Amino acid sequence: MWQGLDVFLAVVEHGSFSKAANVLDVSTSYVSRQIQQLEQRLGTILIHRTTRAQNLTDSGREYAVKLKVIQQELIDATNHIQGIQRQPKGLIRLSGAGDFVANRIAPVVAEFLQRYPEVSIEFDFNNRNIDLVEEGVDLAIRFGRLQDSNLIARKLCHRPMSLVASPNYITHHSPPIHPYELANHNCLIAINNRWRFNIAQQVEEVKVVGNWRSNNPHAILSACKQGLGIAHLAQDIVAESIKSGQLVYLLPEFQVQDNATWLVYPRKDLMPYRVRLLIGFLLEHFS
């Protein structure tokens with residue numbers, strides 16, 4: 013059952029049969045034979061071979077991700093039995109996007125590595141709402157109001173939203189006095205076109221439209237400061253522009269207060285010690 017798995021993972025990691033053979037100190041023909049036998053047992057092709065390269069198939073990519081998780085859990089189990097769990101080592105894979113993650117989260121993770129130098133970090137700055145289990149990601153940083161899922165979510169920090177516009181925009185357009193009036197304005201859309209407000213003592217979504225859409229909040233901020241329209245952004249993103257007078261708040265009495273940045277991770281019976289340590293480290297820092 014286990015035969016050939018280490019060879020397959022070596023090919024995945026190093027990108028070719030010859031490089032994997034060199035690392036494993038075996039012949040290239042041995043690597044090729046092990047991969048072929050593994051594919052025969054599984055009944056599927058894992059690696060496309062050409063004269064120039066070897067590339068993973070979709071099945072091969074999915075299999076590799078799951079094998080890496082199993083491989084790391086085996087390492088963790090061995091470390092635990094050997095009593096070295098208080099000297100964490102191994103890889104932690106994180107996912108997140110945005111300036112808050114780059115400027116506020118990443119430095120804390122770097123500080124964690126200084127304390128635990130045998131841990132390795134792979135940080136993927138990606139806007140996709142990825143499947144953590146399928147892609148072998150240990151932790152993700154997400155912003156907003158989380159939907160129900162099978163993930164565990166821990167709040168890192170509160171990040172309320174603000175509705176803002178430039179003085180120039182307000183000069184040329186009558187400012188809204190109610191969220192429903194946003195339908196008459198050019199709204200700069202980030203994640204979605206339904207903005208949440210407190211209306212008549214309950215949270216309600218208001219659909220907005222506009223000619224500018226971006227998944228980068230600073231692109232939205234820039235367009236807003238230039239007077240293109242009204243933006244709905246996290247308060248920490250707009251704070252400096254408010255202070256400098258480049259932007260003004262709109263409808264503050266209607267703003268909801270439940271937005272936050274979250275640390276999310278899969279439910280696992282045996283979470284690696286290094287991952288538990290990082291979770292605690294981040295929570296303590298942002299507390």
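Residue numbers for the sequence shown follow this note's numbering, beginning at 13 and rising by one. The beta carbon of each residue, even a glycine, is placed where N, CA and C say it ideally should be. These numbers come from a predicted model, not from an experiment.
- Judged by DSSP in its simplified three-state form, H244 adopts strand.
- In the three-state reduction of the DSSP assignment, H170 falls in the strand class.
- Pairing A33 with T40, the inter-Cα distance amounts to about 5 angstroms.
- Secondary-structure assignment with DSSP links V176 through a beta bridge to A243 and Y261.
- For P129, the secondary structure class from DSSP, reduced to helix, strand or coil, is coil.
- Distance check between M283 and each of I189, F266 and V149 places V149 closest, using alpha-carbon atoms only.
- Contact between E134 and R105 holds, with the beta-carbon distance rounding to 5 angstroms and staying under 8 angstroms.
- By the 16-neighbour rule on beta-carbons within 10 angstroms, R171 is buried.
- For R154, the closest of I182, S253, L275 and I142 by C-alpha to C-alpha distance is L275.
- Here the alpha carbons of R286 and Q99 stand approximately 9 angstroms from one another.
- By the beta-carbon neighbour count (other beta carbons within 10 angstroms, threshold 16), P229 is buried.
- In the structure shown, the three-state DSSP call for V220 is coil.
- The DSSP-derived three-state label of P284 is coil.
- Between L240 and L175, the beta carbon gap of about 15 angstroms keeps them out of contact (Cβ cut-off 8 angstroms).
- Of the candidates A231, A165 and L79, the residue whose Cα lies closest to the Cα of L200 is A231.
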